[in-house]
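J.: Residue numbers (our numbering): 495 to 882. Cβ atoms here follow ideal geometry from the backbone N, Cα and C, with glycine treated the same way. Okay, here's the structure, questions in a sec.
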Amino acid sequence: MTADPSTGPSTGPGTDSAGAAEDFVFGRTQAEREEILLPELQQLTEHHRANCAGYDRILGALGIKPGGAGGTIAELPWLPVRLFKHHDLASIPPDEIFKTLTSSGTTGAEVSRIHLDKAAAGDQTRALSRTLQAVLGKQRLPMLMVDTPSVVKDRRSFSARGAGVLGMAGFGRDHTYVLDAEGRPDPEAVRAFLAAHGDAPFLVFGFTFMVWQYLYEVAAEHRLDLSQGILVHSGGWKKLADRAVDNAEFRARFAADTGLTRIHNYYGMVEQIGTVFVEGPDGDALYCPDFADVVVRDPRTWREQPVGTPGVIEVVSTLPKSYPGHVLLTEDLGVVHGIDDGHWPGKRFSVLGRLPRAEARGCSDTYAESAAGPAEAASADPQGEQAA
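Below, the structure written as structure tokens:
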């Protein structure tokens with residue numbers, strides 16, 4: 495049955511694509527993924543086209559006719575993720591907005607604003623839960639949060655960091671924050687947590703640079719035993735580059751100095767909230783959940799790169815229904831290492847770093863006028879655009 499674009503696709507993470515009947519969401523081969531996800535993504539494209547005027551203008555400017563959304567996942571039209579920093583793209587009316595998420599950024603920097611209705615918020619929560627259960631199990635464990643409690647104060651409008659902390663908090667219990675309300679390390683709080691829970695499995699969550707600076711360094715200095723922990727972390731390695739810490743060094747030092755060996759990095763972004771790509775048990779690469787995929791593109795031709803050749807990462811997910819974020823070109827460089835040849839099936843890949851700022855801007859410049867519409871584009875200040 496064909497879904498009515500005005501009401502959205504009939505399938506999604508709450509039904510077929512995230513596997514309601516199966517809890518494990520790292521089970522599909524790449525061929526199965528393409529067969530199941532492609533029609534859902536095509537329906538999503540038509541849904542967003544019917545409900546988001548800016549998205550419709552973009553596809554029209556690209557010469558894509560209704561119903562012509564691509565014959566493979568790699569052929570689907572993508573949006574540059576930066577577009578959400580400049581344009582308010584939503585496929586729901588304003589009075590249906592339940593929650594607005596913002597991306598991370600330095601003071602004064604532009605941030606993405608992602609609008610969710612109640613259904614979309616529920617979808618992303620359920621999908622994230624099923625994804626992380628693959629490494630955490632179903633039991634809620636005592637939890638160390640490598641952050642400060644003040645990061646989750648405003649529950650209607652979160653930063654990406656606050657949304658990440660609050661989203662992960664539901665997977666644990668007896669939460670203890672590693673930093674106090676002023677953002678200072680609190681080794682005594684960690685010591686008390688370990689005295690109560692350290693002899694059985696417990697969960698640790700934080701952003702990568704904070705985990706290193708505020709958990710690893712404190713634990714190593716105070717000789718704290720983290721051997722029963724399961725660490726889930728994200729955020730990339732850029733802020734640790736000056737300390738010569740990469741993924742291998744991170745894992746090795748934690749194992750040697752704290753006993754912590756169960757470590758899972760993940761990759762995700764607020765512009766595709768609820769979709770995370772998780773490091774497998776071997777620590778060798780990131781894997782796609784069954785309702786998502788990645789495409790690595792040549793930054794000159796935008797064609798899909800072969801296995802082993804680096805390029806720009808495109809993330810694909812059936813989750814975004816309240817805004818057109820189902821196919822997004824990121825500003826990250828990555829490489830697919832293999833397909834159906836790792837611990838889990840599907841593509842396994844790594845994130846290599848960020849695109850240079852100028853190149854990232856170039857990816858989205860040609861979309862800006864289409865998204866804004868002729869009147870808004872004509873009134874834009876080109877000098878201000880270049881200086882931003």
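State the CB to CB distance for the pair G700 and L688, rounded to an integer number of angstroms; the pair is presumed to be in contact (CB under 8 Å).
T.: Wrong, their Cβ atoms sit about 16 Å apart, outside the cutoff.
J.: Can K579 and E540 be called in contact, C-beta distance under 8 Å?
T.: No, these two residues do not count as a Cβ contact at 8 Å.
J.: Is V830 helix, strand or coil by DSSP?
T.: In the structure shown, V830 sits in a strand (DSSP, three-state: E or B).
J.: Between which two residues does the beta strand (DSSP E) holding F687 run?
T.: F687 -> not in any beta strand (DSSP E); alpha helix (DSSP H) instead, spanning 681-691.
J.: Might you give, ordered along the chain, the residues of its own chain that have their beta carbon closer than 6 Å to the beta carbon of G523, omitting 5 neighbours on each side?
T.: Reading the sequence as shown, one finds Thr at residue 523 and not Gly. Result list for T523: D834, P839, in chain order.
J.: Following the continuous alpha helix (DSSP H) through Q612, name the residue where it begins and the one where it ends.
T.: Rather than Gln, the amino acid found at residue 612 in this sequence is Lys. Counting along the chain, the alpha helix (DSSP H) containing K612 begins and ends at 612-630.
J.: Can you tell which of R848, V830, R756, A779 has its C-alpha closest to the C-alpha of G631?
T.: G631 has its Cα closest to that of R756, out of R848, V830, R756, A779.
J.: According to DSSP, is P636 helix, strand or coil?
T.: P636: strand per DSSP, three-state reduction.
J.: Looking at the unbroken beta strand (DSSP E) that takes in I757, where does it start and where does it end?
T.: 756-761 is the extent of the beta strand (DSSP E) around I757.
J.: Got a sec? Which residues, its chain only, sit under 6 Å from A584 by beta carbon, not counting five neighbours each side?
T.: Within the same chain, A584 has close Cβ partners H609, Y817.
J.: Which of helix, strand or coil does DSSP assign to V646?
T.: V646 falls in the helix class under three-state DSSP.
J.: Any contact between the stretch 758-775 and the stretch 799-814? By contact I mean 3 or more CB pairs, one from each, below 8 Å.
T.: Contact holds: three or more Cβ-Cβ distances are below 8 Å.
J.: DSSP three-state call for D674: helix, strand or coil?
T.: Note: D674 maps to coil in three-state DSSP.
J.: When you compare the CB positions of V790 and G805, do they come within less than 8 Å of one another, or not?
T.: Yes, they are a contact pair.
J.: Indicate whether the contact test is met: 3 or more Cβ pairs, each with one atom in the stretch 613-620 and one in the stretch 778-795, closer than 8 Å.
T.: Result no; under three Cβ-Cβ pairs closer than 8 Å.
J.: Which same chain residues, not among the five before or five after L697, have their C-beta less than 6 Å away from its C-beta?
T.: Excluding residues within five positions, the ones whose Cβ falls inside 6 Å are L635, M637, G666, I724.
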